[in-house]
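Protein chains: 2
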Amino acid sequence: MSASDRQTPERPGWSGPLRLRDMGSFHIGGQAQTLCGHPTSQHLLAAGGQPVELDPNGTYVTGQMYVQYYWPETPEHTTPLFLWHGGGLTGACWETTPDGRSGWQQYFVRRGWDTHVCDAAERGRSGYAPQFWGLPLSQTVEAVFERFRIGPSLQGAALSDAAQYAFAGSQFPAEAFAAFAQQLVPRWAHTDAMILAAYAALLARQAPAALVCHSQGGMFGLTTALNHPERVRAVVALEPSSVPDCDADSYQVPTLIVLGDFIDGDARWPRMRERILRFAKRNPCVHILSLPALGLHGNSHMLMMDRNHLHIADLVHDWLAAELAKPAAHLRRATVAD
Amino acid sequence: MSASDRQTPERPGWSGPLRLRDMGSFHIGGQAQTLCGHPTSQHLLAAGGQPVELDPNGTYVTGQMYVQYYWPETPEHTTPLFLWHGGGLTGACWETTPDGRSGWQQYFVRRGWDTHVCDAAERGRSGYAPQFWGLPLSQTVEAVFERFRIGPSLQGAALSDAAQYAFAGSQFPAEAFAAFAQQLVPRWAHTDAMILAAYAALLARQAPAALVCHSQGGMFGLTTALNHPERVRAVVALEPSSVPDCDADSYQVPTLIVLGDFIDGDARWPRMRERILRFAKRNPCVHILSLPALGLHGNSHMLMMDRNHLHIADLVHDWLAAELAKPAAHLRRATVAD
Chain V
1 MSASDRQTPE RPGWSGPLRL RDMGSFHIGG QAQTLCGHPT SQHLLAAGGQ
51 PVELDPNGTY VTGQMYVQYY WPETPEHTTP LFLWHGGGLT GACWETTPDG
101 RSGWQQYFVR RGWDTHVCDA AERGRSGYAP QFWGLPLSQT VEAVFERFRI
151 GPSLQGAALS DAAQYAFAGS QFPAEAFAAF AQQLVPRWAH TDAMILAAYA
201 ALLARQAPAA LVCHSQGGMF GLTTALNHPE RVRAVVALEP SSVPDCDADS
251 YQVPTLIVLG DFIDGDARWP RMRERILRFA KRNPCVHILS LPALGLHGNS
301 HMLMMDRNHL HIADLVHDWL AAELAKPAAH LRRATVAD
Chain A
1001 MSASDRQTPE RPGWSGPLRL RDMGSFHIGG QAQTLCGHPT SQHLLAAGGQ
1051 PVELDPNGTY VTGQMYVQYY WPETPEHTTP LFLWHGGGLT GACWETTPDG
1101 RSGWQQYFVR RGWDTHVCDA AERGRSGYAP QFWGLPLSQT VEAVFERFRI
1151 GPSLQGAALS DAAQYAFAGS QFPAEAFAAF AQQLVPRWAH TDAMILAAYA
1201 ALLARQAPAA LVCHSQGGMF GLTTALNHPE RVRAVVALEP SSVPDCDADS
1251 YQVPTLIVLG DFIDGDARWP RMRERILRFA KRNPCVHILS LPALGLHGNS
1301 HMLMMDRNHL HIADLVHDWL AAELAKPAAH LRRATVAD
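Same order as they appear, the protein sequences are chains V and A. Everything in the first sequence is counted per the numbering used here, starting at 1 for the first residue and increasing by one. Everything in the second sequence is counted per the numbering used here, starting at 1001 for the first residue and increasing by one.
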């Protein structure tokens, strides 16, 4: 999008110059996995290049995860912050909005957090291994338009006309839906354990951490907090696609679950919300932030991309900062239990 | 890798604090593509979540490309710089070396270039579409160890023992070969035209550009310079996997082709070098920089990750800066021909 196409202006001072004390990336986790008994084949990998005899038998690294970090020149928090994306997306979803505004990644860096953006294992720059897993699932843009609660149906319209089919009052920048569709990637449905293992390996290295996670990533964040409470200082789960099935009071990490709008009329979200509310009721450390209940209307499932995304970021930041100012009771308990 | 594992120190002043006037990312290119006539299927995408009926029929965006940019606070060059990775990798290969040193991305930002790292279409955060293309090709770490000229053969050794099997005098940080293996991703063999279309769309927006490209990316850089000379100010191709098959003198863009070591004993690279040298001989704007001929020994195919990677970056930077200080004769010709 060029600047002139933008319908939502940047909040002044929240894009542009940025001073870092370090930035970089790394891969973490994964394992060597061996394939054998398959035939070789010849491939020309570049027109005019030399043919390559590809033997698929041998070793691959699978399940590793890519992490990109940006540490502000003047940090204002001692706890590292991790952004975990949802299904069908990559870490790119935190960097920018479809209409080209600066995203939550920069927001949290500018608020003084050591910010880490992850591509879940098998997504984005983490790599994937179809030679072991077969074909992944891909979601159509029509399904995403509905399931991410941008509008009731695209009705076969061109992507560039998506804004006409969005919910009245939607905060999603649907005029740039085509740019959002460019961000979508395939995923597998049976890789949860592998993805969780990579997240656990990351937090084994940098903990305790604050997690801000979305949709499928929300489920990973909550599950990681349940399994490794000593590694997680606090969780903000934006519309988690599910919640852990655990005994009352067994979930110990301070958690905020944020819910957007248009849930009542959705095919799946009323039941998901019901499950989320039950989880919160059973575990007093879990708090619910319903944006409509707060008077914020029109938010889609892609809260961090909506027109009011920095308003929501402010709420998340303030909750996190207040939570981290309190004594971390669950960390002490985890340490004593060790 | 922790700092204590590093066998090669950072060059002082080339990592750590960094001041940017802007950074961000976007996707560009691609097209809407429709699938029809396939059956639907039910999937549980999150344990405890609501089942999703996935209808694969509908619209997908395919062939788009992810671009991440870092613009220094004090730019020292007016031409934007683009880093294009090779086959089996993503833009991550420019960010860091396997042993955790800071990579060419930061180097060029620190030298004052507006630096853009691309994930080629169908790699990394660009997304991919196996529902249209079938399964991609994956390379074993054993094949990569040989073909990237790190050593003659891993001989079935564990990845952590790779250093023992590297060429004597190798500049590749083979003690961290396992971390390099984490960076590998699958690729397709028939997507060149689609990838080139996305690169062309990018340069249609930000041109004329300086291209620094590697291996398969080298072929894309040279081909883009041949097809769109008006969009390319200069090309540095690190060990391009091929060169365009064009008439003498029809290639017009100032170009430096960099070649590493251990080529003579390789199964494929002597013929590839021969083809590269013929291309340079036919086109006077193409220059060859053979690192061994310059007294720099031990470089692998992964020049930008080798222990002397910043020495090579200096040579590339100096050639680019000198080239950009000259009048751009081919751009004037391209403009006149328009």
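Backbone N, C-alpha and C define an ideal beta-carbon position, used for all residues, glycine too.
Distance between residue j and residue i (C-alpha atoms, nearest Å)
i: residue 1287 of chain A; j: residue 1276 of chain A; result: 10 Å
i: residue 244 of chain V; j: residue 1058 of chain A; result: 33 Å
i: residue 119 of chain V; j: residue 139 of chain V; result: 18 Å
i: residue 313 of chain V; j: residue 15 of chain V; result: 14 Å
i: residue 191 of chain V; j: residue 1050 of chain A; result: 17 Å
i: residue 1012 of chain A; j: residue 26 of chain V; result: 20 Å
i: residue 210 of chain V; j: residue 234 of chain V; result: 5 Å
i: residue 1114 of chain A; j: residue 332 of chain V; result: 47 Å
i: residue 1173 of chain A; j: residue 1147 of chain A; result: 16 Å
i: residue 1161 of chain A; j: residue 1201 of chain A; result: 43 Å
i: residue 208 of chain V; j: residue 71 of chain V; result: 17 Å
i: residue 1006 of chain A; j: residue 1145 of chain A; result: Confidence is the limiting factor: at residue 1006 of chain A the pLDDT is only 47, short of 50, which leaves the residue's position unreliable and the question unanswerable from this model.
i: residue 1003 of chain A; j: residue 1089 of chain A; result: Summary for residue 1003 of chain A: the model assigns pLDDT 39, below 50, so the residue's position carries little reliability; its value from the coordinates is reported in the next sentence. So the alpha carbons of these two residues sit roughly 24 Å apart.
i: residue 1083 of chain A; j: residue 100 of chain V; result: 22 Å
i: residue 274 of chain V; j: residue 322 of chain V; result: 27 Å
i: residue 1165 of chain A; j: residue 1155 of chain A; result: 8 Å
i: residue 1251 of chain A; j: residue 107 of chain V; result: 45 Å
i: residue 302 of chain V; j: residue 176 of chain V; result: 13 Å
i: residue 1267 of chain A; j: residue 1255 of chain A; result: 26 Å
i: residue 953 of chain A; j: residue 1068 of chain A; result: Summary: the structure shown does not reach residue 953 of chain A, with chain A confined to residues 1001 through 1338, and so no result is reported for it.
i: residue 278 of chain V; j: residue 271 of chain V; result: 11 Å
i: residue 289 of chain V; j: residue 264 of chain V; result: 16 Å
i: residue 425 of chain V; j: residue 1032 of chain A; result: Here chain V comprises residues numbered 1 to 338, so residue 425 of chain V is not present and cannot be evaluated.
i: residue 79 of chain V; j: residue 1157 of chain A; result: 39 Å
i: residue 326 of chain V; j: residue 257 of chain V; result: 19 Å
i: residue 1074 of chain A; j: residue 1111 of chain A; result: 9 Å
i: residue 1081 of chain A; j: residue 37 of chain V; result: 44 Å
i: residue 1320 of chain A; j: residue 1328 of chain A; result: 12 Å
i: residue 91 of chain V; j: residue 1222 of chain A; result: 30 Å
Minimum C-alpha distance to residue i - residue among the options
i: residue 330 of chain V; options: V/191, V/120, V/284 and V/214; result: V/284
i: residue 1342 of chain A; options: A/1196, A/1254, A/1250 and A/1053; result: Shown here, chain A extends from 1001 to 1338; a query on residue 1342 of chain A therefore has no answer.
i: residue 60 of chain V; options: A/1185, A/1082 and A/1148; result: A/1185
i: residue 291 of chain V; options: V/278, V/88 and V/309; result: V/309
i: residue 1020 of chain A; options: A/1076, A/1040, A/1126 and A/1297; result: A/1076
i: residue 1231 of chain A; options: A/1256, A/1205, A/1248 and A/1220; result: A/1205
i: residue 1152 of chain A; options: A/1168, A/1117 and A/1039; result: A/1168
i: residue 1247 of chain A; options: A/1055, A/1258 and A/1227; result: A/1227
i: residue 163 of chain V; options: V/98, V/80, V/74 and V/17; result: V/98
i: residue 109 of chain V; options: V/142, V/17 and V/203; result: V/17
i: residue 178 of chain V; options: V/194, V/142 and V/104; result: V/142
i: residue 315 of chain V; options: V/28, V/9 and V/104; result: V/104
i: residue 262 of chain V; options: V/239, V/129 and V/193; result: V/239
i: residue 149 of chain V; options: V/222, V/324 and V/269; result: V/269
Residue i vs residue j beta-carbon contact at 7 Å
i: residue 1183 of chain A; j: residue 30 of chain V; result: no
i: residue 1198 of chain A; j: residue 1304 of chain A; result: no
i: residue 300 of chain V; j: residue 260 of chain V; result: yes
i: residue 1187 of chain A; j: residue 1229 of chain A; result: no
i: residue 117 of chain V; j: residue 133 of chain V; result: no
i: residue 22 of chain V; j: residue 40 of chain V; result: no
i: residue 121 of chain V; j: residue 48 of chain V; result: no
Distance between beta carbons of residue j and residue i, contact taken as under 8 Å
i: residue 212 of chain V; j: residue 236 of chain V; result: 5 Å
i: residue 298 of chain V; j: residue 171 of chain V; result: 4 Å
i: residue 45 of chain V; j: residue 1241 of chain A; result: 7 Å
i: residue 350 of chain V; j: residue 294 of chain V; result: Any answer about residue 350 of chain V is impossible in this case: the structure gives chain V only from 1 up to 338.
i: residue 85 of chain V; j: residue 217 of chain V; result: 5 Å
i: residue 196 of chain V; j: residue 220 of chain V; result: 6 Å
i: residue 24 of chain V; j: residue 1096 of chain A; result: 6 Å
i: residue 1008 of chain A; j: residue 1307 of chain A; result: 5 Å
* **Contact set between the region 1183-1197 of chain A and chain V, restricted to residues whose Cβ is under 7 Å from the partner** => Listed in sequence order: 1183, 1184, 1185, 1186, 1189 and 1192.
* Asked: Taking a cut of 9 Å between CB atoms, which residues from the region 234-263 of chain V lie near chain A?
  -> Here the close residues are 240, 241, 242, 243, 244 and 245.
* Asked: Just by C-beta distance, which residues in the region 301-320 of chain V are closer than 8 Å to chain A?
  -> None of the residues of the region 301-320 of chain V has a beta carbon lying less than 8 Å from any beta carbon of chain A.
* Asked: Any residues in the region 56-68 of chain V with a beta carbon nearer than 8 Å to a beta carbon of chain A? Which ones, in chain order?
  -> Against chain A - using a Cβ distance shorter than 8 Å - the residues of the region 56-68 of chain V are 56, 57, 58, 59, 60, 61, 64, 66 and 68.
* With 8 Å as the limit, tell me which residues of the region 136-153 of chain V have their beta carbon closer than that to any beta carbon of chain A; keep them in chain order. => The region 136-153 of chain V vs chain A, Cβ under 8 Å: 136, 137, 138, 139, 140, 141, 142, 143 and 147.
* Using a Cβ-Cβ cut-off of less than 8 Å, give me the residues of the region 34-51 of chain V that come near chain A, in sequence order. => Answer set for the region 34-51 of chain V: 35, 43, 44, 45, 46, 47, 48, 49 and 50.
* Asked: For the region 5-26 of chain V, which residues have a CB atom closer than 8 Å to at least one CB atom of chain A, in sequence order?
  -> Under the 8 Å Cβ criterion, the region 5-26 of chain V contributes 15, 16, 17, 18, 19, 20, 21, 22, 23, 24, 25 and 26.
* Listed from N- to C-terminal order along the chain, which residues in the region 208-222 of chain V have their beta-carbon within a distance smaller than 8 Å of any beta-carbon of chain A? -> Cβ contacts with chain A come from 216 and 219.
* To do: Closer than 8 Å, Cβ to Cβ, to anything on chain A: give me those residues from the region 100-133 of chain V, in chain order.
  => Residues of the region 100-133 of chain V with a C-beta less than 8 Å from any C-beta of chain A: 100, 102, 106, 119, 124, 125, 127, 128, 129, 130 and 131, listed in chain order.
* Residues of the region 71-94 of chain V whose Cβ lies closer than 8 Å to any Cβ of chain A, in chain order -> For the region 71-94 of chain V, residues whose beta-carbon sits nearer than 8 Å to a beta-carbon of chain A comprise 73, 87, 90, 91 and 92.
* Using a Cβ-Cβ cut-off of less than 7 Å, list which residues of the region 1277-1294 of chain A approach chain V; keep chain order. => Legend: CB atoms of the region 1277-1294 of chain A lying less than 7 Å from CB atoms of chain V are not found in any residue.
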